[in-house]
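A.B. asks:
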Amino acid sequence: MQAVTFLHGVSQMRNHCSLKQLTTHSQMPVVLSESATHRRKDTVASIDDVARHAGVSTATVSRVLNNKNTVSARTTARVLQAVTALEYVMSSSASSLASGRTKNIGVVVPALSRWYFTNVVEGVESALIRHGYDLTLYSLNDGGPARRSVFEHFLLRQRVDAVIAVSLELTTDELTRLHALNKPLVGVGGPLPGVRTLSIDDVEVSRLATQHLIDLGHRRIAHIGGTDEFEADFHLPANRREGFESALTAAGLPVRDEFFGTADFTIQGGHAAAAKLFSEHPPTDPDGPTAVFVTSDEMAIGCLLAAREVGLNVPDDVSIVGIDNHELARFFDLTTVAQYPRDQGRKAVEMLMDVLQPEQWRHGELNTPLDTTLIIRGSTAPPTTHR
1 MQAVTFLHGV
11 SQMRNHCSLK
21 QLTTHSQMPV
31 VLSESATHRR
41 KDTVASIDDV
51 ARHAGVSTAT
61 VSRVLNNKNT
71 VSARTTARVL
81 QAVTALEYVM
91 SSSASSLASG
101 RTKNIGVVVP
111 ALSRWYFTNV
121 VEGVESALIR
131 HGYDLTLYSL
141 NDGGPARRSV
151 FEHFLLRQRV
161 DAVIAVSLEL
171 TTDELTRLHA
181 LNKPLVGVGG
191 PLPGVRTLSI
201 DDVEVSRLAT
211 QHLIDLGHRR
221 IAHIGGTDEF
231 EADFHLPANR
241 REGFESALTA
251 AGLPVRDEFF
261 GTADFTIQGG
271 HAAAAKLFSE
281 HPPTDPDGPT
291 AVFVTSDEMA
301 IGCLLAAREV
311 GLNVPDDVSI
321 VGIDNHELAR
331 FFDLTTVAQY
341 PRDQGRKAVE
351 MLMDVLQPEQ
361 WRHGELNTPL
371 DTTLIIRGST
381 APPTTHR
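For the sequence shown, position 87 (counting from the first letter as 1) is numbered 87 according to full-length UniProt numbering, and the numbering increases by one without interruption.
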């Protein structure tokens with residue numbers, strides 16, 4: 001398991017990972033002013049220094065710094081002038097004691113090695129920085145033991161003000177433990193009982209991608225989906241296969257099991273699954289597939305590469321469509337259904353900022369649907385006339 005705290009954009013390792021294990025794309029450098037550097041070498045201003053400089057009590061300084069609306073405007077101005085003059089920075093522990101808040105959000109993800117998860121986390125991080133919050137990231141990349149540790153120990157230590165769970169279908173026990181904390185919880189990626197969540201409709205996005213191929217005139221369409229190991233959280237492979245098959249059925253087209261393969265949501269996995277499909281059912285054969293719907297863009301890119309390796313022309317010999325709008329999709333001219341993971345992360349934070357207000361976080365719509373968009377590029381076209 002990796003547990004990492006991002007302090008306004010600066011990562012600080014916690015407990016279970018080494019520097020070599022951490023990969024982020026948006027760490028921010030810290031630059032100290034010359035005077036601040038000198039002060040650090042000499043002495044750091046305390047809250048008592050600020051109080052003496054402003055001619056008020058330390059309790060008054062604390063109320064001003066924690067935005068309590070009980071101090072006059074004139075006194076507030078004096079305190080803030082003292083803070084600026086002394087370059088005072090309130091410690092997170094002092095702030096927590098004064099406000100009852102840690103200004104820290106816990107984010108739990110299945111892994112950091114997947115495009116979707118890293119993009120959601122980047123969106124969360126940028127939004128939290130804007131709101132003045134830190135982030136503690138728990139990556140469950142070693143499976144069951146790490147997951148149990150997070151939900152049975154780490155999150156229960158009361159070090160966070162709220163939790164964002166990304167693509168994790170929480171168990172009843174996990175939800176019970178989190179609700180017992182009496183802290184706001186937001187889920188990204190699928191519905192959770194009694195929890196405010198954000199998610200795309202995986203059945204609908206697959207139907208949309210498949211319908212695009214049908215509208216182009218394709219009648220023999222293959223599908224490369226996710227392996228069973230990805231069924232654990234929100235049944236993504238099954239839902240996307242359901243959308244694919246429902247589009248075929250609605251169009252009166254057969255669902256052919258021999259045109260179905262699975263992979264692990266990587267380029268390599270998609271390449272292997274497509275190579276097997278094209279070997280057993282060449283698209284250039286009279287009864288071969290003229291198009292392939294692939295559950296993710298990374299696997300679709302692997303499919304494109306496999307097609308090129310066996311001499312297939314995309315889209316003349318076979319059309320290929322994916323889901324995600326991965327950064328690489330435009331370089332491969334890949335038609336795809338875009339979801340917007342960075343926006344999903346930002347929206348999750350905005351939802352938390354709303355629900356962190358007293359008496360509000362248990363209210364509101366439980367599930368918020370997220371936008372998706374069909375982006376047509378050069379990897380799809382009508383089947384050639386002789387097919």
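From the three backbone atoms N, C-alpha and C, an ideal C-beta is built for every residue, glycine too.
On the DSSP bridge assignment, give the partners of PRO382 in chain order.
C.D. replies: In the DSSP output, where bridge partners are listed per residue, PRO382 has none listed.
A.B. asks: Span of the alpha helix (DSSP H) holding ARG196?
C.D. replies: Looking at the DSSP string, ARG196 is not in any alpha helix (DSSP H); the run it does join, the beta strand (DSSP E), is 196-199.
A.B. asks: If you measure between the beta carbons of ARG241 and HIS212, is that distance less than 8 Å?
C.D. replies: no
A.B. asks: Return the chain-ordered list of same chain residues with a C-beta closer than 6 Å to the C-beta of VAL186, the five sequence neighbours on each side being excluded.
C.D. replies: ILE164, ARG196, ALA348, MET351 and LEU352
A.B. asks: Please report the distance separating the alpha-carbon of ASN325 from that of PRO282.
C.D. replies: Taking the Cα positions, ASN325 is about 27 Å away from PRO282.
A.B. asks: Mind checking who ALA263 pairs with in its DSSP beta bridge?
C.D. replies: GLY226
A.B. asks: Spell out the partners DSSP gives PRO315 in its beta bridges.
C.D. replies: Paired residues: none, contrary to the question.
A.B. asks: Using a threshold of 8 Å, state whether the C-beta atoms of VAL166 and ILE323 are closer than that.
C.D. replies: No, they are not a contact pair.
A.B. asks: Leaving out five residues on either side along the sequence, give the residues of the same chain with a beta carbon under 7 Å from the beta carbon of SER296.
C.D. replies: PHE265, GLY322, ILE323 and ASP324
A.B. asks: In angstroms, rounded to a whole number, what distance separates the CA positions of LYS183 and PRO110?
C.D. replies: 21 Å
A.B. asks: Return the CA-CA distance between THR262 and GLU152, expressed in angstroms with no decimal places.
C.D. replies: 34 Å
A.B. asks: Measuring alpha carbon to alpha carbon, tell me which of ARG52, ALA250, VAL71 and ASP173 ends up nearest VAL150.
C.D. replies: ASP173
A.B. asks: According to DSSP, TYR116 sits in a beta bridge with which residue or residues?
C.D. replies: In DSSP, TYR116 forms no bridge with anything.
A.B. asks: Which same chain residues, not among the five before or five after LEU178, have their C-beta less than 8 Å away from its C-beta?
C.D. replies: PHE151, LEU155, VAL163, LEU170 and LEU185
A.B. asks: What would DSSP say about VAL109, mapped onto helix, strand or coil?
C.D. replies: strand
A.B. asks: Answer yes or no: do THR380 and PRO315 have a C-beta to C-beta separation smaller than 8 Å?
C.D. replies: yes
A.B. asks: Let me know if GLU280 comes out buried or exposed under the rule of 16 or more other beta-carbons within 10 Å of its beta-carbon.
C.D. replies: exposed
A.B. asks: Could you tell me whether the Cβ of HIS53 comes closer than 8 Å to any Cβ of chain B?
C.D. replies: Included in the structure is just one protein chain, with no chain B present.
A.B. asks: According to DSSP, simplified to helix, strand and coil, what is THR60?
C.D. replies: In this structure, THR60 counts as helix in the three-state DSSP scheme.
A.B. asks: Check the C-beta distance from ASP343 over to GLY123 and give it rounded, since I have them as a contact under 8 Å.
C.D. replies: The pair is a contact, with the Cβ atoms about 6 Å apart (cut-off 8 Å).
A.B. asks: Nearest to ASP201 by alpha carbon, out of ALA238, HIS131 and THR84?
C.D. replies: Looking at ALA238, HIS131 and THR84, the one whose alpha-carbon comes closest to that of ASP201 is ALA238.
A.B. asks: Can you grab the Cα-Cα spacing for the pair HIS8 / GLU229, in whole Å?
C.D. replies: The predicted position of HIS8 is uncertain, since its pLDDT is 48 and thus under 50; a value taken from the coordinates is nonetheless stated next. Rounded to the nearest angstrom, the two C-alpha atoms are 35 Å apart.
A.B. asks: Exposed or buried, what is HIS38 when buried is set at 16 or more other beta-carbons lying within 10 Å of its beta-carbon?
C.D. replies: Bear in mind that a pLDDT of 44 at HIS38, under 50, signals an unreliable position, so the number given afterwards is only what the model happens to contain. With a threshold of 16 other beta carbon atoms within 10 Å, HIS38 falls short and is exposed.
A.B. asks: Can you tell me whether PHE151 is helix, strand or coil according to DSSP?
C.D. replies: The three-state secondary structure of PHE151, taken from DSSP, is helix.
A.B. asks: So what does DSSP say about PRO184, is it helix, strand or coil?
C.D. replies: In the structure shown, PRO184 sits in coil (DSSP, three-state: anything other than H, G, I, E or B).
A.B. asks: Beta carbon of THR60, beta carbon of ILE47: below 8 Å?
C.D. replies: no
A.B. asks: Could you round the C-beta distance between LEU312 and PHE278 to whole angstroms and report it? I think they count as a contact, below 8 Å.
C.D. replies: 7 Å
A.B. asks: Classify THR84 as helix, strand or coil using the three-state DSSP reduction.
C.D. replies: helix
A.B. asks: Restricting to Cα atoms, I'd like to know which of ARG63, HIS53 and SER72 is closest to VAL83.
C.D. replies: HIS53
A.B. asks: Can you give me the start and stop residues for the beta strand (DSSP E) that THR335 sits inside?
C.D. replies: 335-338
A.B. asks: Straight-line CA distance for ASP371 to GLN339?
C.D. replies: 7 Å
A.B. asks: With distance defined between alpha-carbon atoms, name the residue in LEU86, ARG308, ALA291 and VAL292 nearest to VAL44.
C.D. replies: VAL44 has its Cα closest to that of LEU86, out of LEU86, ARG308, ALA291 and VAL292.
A.B. asks: Under the criterion of a Cβ to heavy atom distance below 7 Å, does HIS281 qualify as lining the ligand ADP?
C.D. replies: Here there are no bound small molecules, and the ligand ADP is not part of this structure.
A.B. asks: Taking the beta carbon of ALA180 as the centre, do at least 16 other beta carbons fall within 10 Å, making it buried, or is it exposed?
C.D. replies: exposed
A.B. asks: Could you tell me the alpha carbon to alpha carbon distance between PRO383 and ALA291, rounded to whole angstroms?
C.D. replies: 8 Å
A.B. asks: Rounded to whole angstroms, what is the Cα-Cα separation between ILE376 and THR336?
C.D. replies: 7 Å
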